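Take 26 as the starting number for the sequence shown in the working numbering and just add one per residue.
Heads up, the beta-carbon is just placed ideally off N, CA and C, and yes, glycines get one too.
Bear in mind the structure is a predicted one, so any value in this text is a computation, not a measurement.
The block underneath contains the structure these notes are about, expressed in structure tokens.
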Amino acid sequence: MSGSVSIVLLIPRYLMIMGFALLAIYFFKEDGGMTQIEVTRTDFETILPHLITRYVPAGLAGLLLAGLLAAFMSTFASTVNAAPAYIVNDIYLKYINPQASVKTQICSSYIISVAVVVISTVIGFFLKDINEIFQWIVGALFGGYIAANVLKWHWWRFNGEGYFWGMTAGVLAAIVMKFTVPDAWVLHFFPVLFGVSLIGCIAGTYSAPPTDEETLINFYPRVRPWGWWKPVEEKALVRYPHIQPNRNFKRDAFNVAIGIVWQCTLTIIPMYLVVREQLGLWSSIALLLVTTLILRKTWYKPLYKEEARYNEEMKQLK
Numbered sequence: 026m027s028g029s030v031s032i033v034l035l036i037p038r039y040l041m042i043m044g045f046a047l048l049a050i051y052f053f054k055e056d057g058g059m060t061q062i063e064v065t066r067t068d069f070e071t072i073l074p075h076l077i078t079r080y081v082p083a084g085l086a087g088l089l090l091a092g093l094l095a096a097f098m099s100t101f102a103s104t105v106n107a108a109p110a111y112i113v114n115d116i117y118l119k120y121i122n123p124q125a126s127v128k129t130q131i132c133s134s135y136i137i138s139v140a141v142v143v144i145s146t147v148i149g150f151f152l153k154d155i156n157e158i159f160q161w162i163v164g165a166l167f168g169g170y171i172a173a174n175v176l177k178w179h180w181w182r183f184n185g186e187g188y189f190w191g192m193t194a195g196v197l198a199a200i201v202m203k204f205t206v207p208d209a210w211v212l213h214f215f216p217v218l219f220g221v222s223l224i225g226c227i228a229g230t231y232s233a234p235p236t237d238e239e240t241l242i243n244f245y246p247r248v249r250p251w252g253w254w255k256p257v258e259e260k261a262l263v264r265y266p267h268i269q270p271n272r273n274f275k276r277d278a279f280n281v282a283i284g285i286v287w288q289c290t291l292t293i294i295p296m297y298l299v300v301r302e303q304l305g306l307w308s309s310i311a312l313l314l315v316t317t318l319i320l321r322k323t324w325y326k327p328l329y330k331e332e333a334r335y336n337e338e339m340k341q342l343k
């Protein structure tokens, strides 16, 4: 499914993006846009509205705007719906009012949803441009987000406290960086934020006892993660000797690398098509075909065999 989404999403998206980028270049050079360059330099978001109103026919412009609004609403709705779920389930019910009725939970969700929308709108008024907040999200928030979400799968000792303190340390460091580091340097501080979050993860993990051993032993046969799971793996194999641990780390890591190249070609091909760069276009298509064949052999075909074996092992587990 992920591969299908990439094909359906990336090619039309970058056909449109590259087309508008070329129109923007024309706008600046030939269409009198140079008179507005001082304004546009400080607000690149003015380019797209100008191009839509000037170059896109009325019917197609309406369809394009409807698509852009739909894309915005899908992202916006998922965020607004996710926020109350996290806050109500993980904070309100756990620490504030564990006996809350269903009606109270629903009302709390409504209040939190409205609060998220209002706060987000207020923050939006103080942003200079989209690139500013996007760089902060990618360079700062992701740096404080990755460590906890990687360790939770690959380290048996990691627990809820480690996740909480890792995320907290990373987010707080990202907020501090927002007000102390120039925007141009945000991406360069990614390793620093990752390190701060990693320290928070490790310190938080060892500040509390490990997850219940029975929970870990029951978890391992169902997921069989990579990484530092040796103590749990040994105990799980004693209880379930018929299961086979995951020994395909090198193959899976290779598939990830090939998959990244495959997905990048889906982005580059429509760009080369729009600019009519024949060498780059055919080279990218050839690379796409080669990586597709590799993934078919090293990833897609083994899935059937491994799925059948896994299902048999899980039947015995039950």
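Practice task
Give the secondary structure of Trp254 by DSSP, where H, G and I count as helix, E and B as strand, and everything else as coil.
Solution key: For Trp254, the secondary structure class from DSSP, reduced to helix, strand or coil, is coil.
Practice task
Please report how far the alpha carbon of Val139 lies from the alpha carbon of Pro266, in whole angstroms.
Solution key: 52 Å
Problem - Sub-8 Å separation of Gly168 and Ser222 beta-carbons - result: Cβ distance < 8 Å, so Gly168 and Ser222 count as in contact.
Exercise for the section: Please name the residue, chosen from Glu186, Val315 and Gln130, that lies closest to Asn114 on a Cα-to-Cα basis. Expected result: Gln130
Practice task
Helix, strand or coil for Trp307, going by three-state DSSP, please let me know.
Solution key: helix
Exercise for the section: Measure how close the beta-carbons of Asn271 and Pro295 come, nearest whole angstrom, since I'm counting them as under 8 Å. Expected result: Contact doesn't hold; Cβ gap of about 36 Å is too wide.
Exercise for the section: Helix, strand or coil for Trp181, going by three-state DSSP, please let me know. Expected result: coil
Practice task
Please check the pair Leu76 and Phe45, which I expect to be a contact at CB under 8 Å, by giving their CB distance rounded to whole angstroms.
Solution key: The beta-carbon separation of Leu76 and Phe45, rounded to 6 Å, stays under the 8 Å limit for a contact.
Problem - For Phe151, the three-state DSSP class (helix, strand or coil) - result: coil
Handout entry: Ala107 burial status per 10 Å Cβ neighbour count (16 or more: buried)
Key = Around the beta carbon of Ala107, fewer than 16 other beta carbons sit within 10 angstroms, so the residue counts as exposed.
Practice task
Give, in chain order, every unbroken run of the alpha helix (DSSP H) that is at least 4 residues long and sits entirely within the segment 87-167.
Solution key: 127-150 and 155-161
Handout entry: Buried versus exposed call for Ser309 [16 or more other C-beta atoms within 10 Å across all chains shown]
Key = Around the C-beta of Ser309, 16 or more other C-beta atoms lie within 10 Å, and the residue is accordingly described as buried.
Problem - Inter-residue Cα distance where the pair is Arg300 and Ile224 - result: A quick correction: the sequence has Val, not Arg, at residue 300. Here the alpha carbon of Val300 sits roughly 46 Å from the alpha carbon of Ile224.
Handout entry: Sub-8 Å separation of Thr323 and Trp287 beta-carbons
Key = No, the Cβ-Cβ distance between Thr323 and Trp287 is not below 8 Å.
Exercise for the section: Please classify Cys132: is it buried, with 16 or more other beta-carbons within 10 angstroms of its beta-carbon, or exposed? Expected result: exposed
Exercise for the section: Would you kindly work out how many angstroms separate the C-alpha atoms of Gly252 and Val201, rounded to a whole number? Expected result: Rounded to the nearest whole angstrom, the CA to CA distance from Gly252 to Val201 is 32 Å.
Problem - the segment 157-168 in contact with the segment 187-201 per 3-pair CB rule at 8 Å - result: A contact exists between the segment 157-168 and the segment 187-201.
Handout entry: Completely contained alpha helix (DSSP H) runs for the segment 207-274, where each covers 4 or more residues
Key = 215-231, 238-248 and 255-264
Exercise for the section: Consult DSSP for Pro82 and reduce its assignment to one of helix, strand or coil. Expected result: coil
Exercise for the section: Check Glu332 in the structure and name its three-state DSSP category. Expected result: helix
Handout entry: Buried/exposed call for Ala282, threshold 16 Cβ in 10 Å
Key = exposed
Handout entry: Of the residues Ala83, Leu89, Phe52 and Leu85, the one placed nearest Thr71, counting alpha carbons only
Key = Phe52
Practice task
Identify which residue in Tyr170, Leu313 and Trp180 has its Cα closest to the Cα of Gln216.
Solution key: Checking the displayed sequence, the identity of residue 216 turns out to be Pro instead of Gln. Nearest option by C-alpha distance: Tyr170.
Handout entry: Which listed residue (Lys255, Pro123, Gly191 and Val105) has its alpha carbon closest to that of Tyr231
Key = Gly191
Practice task
Have a look at Thr205 and Phe159 and give me their C-alpha separation to the nearest angstrom.
Solution key: 17 Å
Exercise for the section: Buried or exposed for Val143, please, with buried defined as at least 16 other CB atoms from any protein chain shown within 10 angstroms of its CB. Expected result: exposed
Exercise for the section: Would you kindly check if the distance between the Cβ of Tyr39 and the Cβ of Thr193 is under 8 Å? Expected result: The answer is no: Cβ separation not under 8 Å.
Exercise for the section: With a cut-off of 8 Å on the beta carbons, I'd call Trp181 and Leu85 a contact; round off their distance for me. Expected result: Not really, about 55 Å apart at Cβ, beyond 8 Å.
Exercise for the section: Report buried or exposed for Ile155, applying the criterion of at least 16 other Cβ atoms within 10 angstroms of its Cβ. Expected result: exposed
Exercise for the section: Counting only the same chain and skipping the five closest in sequence on each side, list residues whose C-beta sits under 6 Å from that of Thr290. Expected result: Ser309, Leu312 and Leu313
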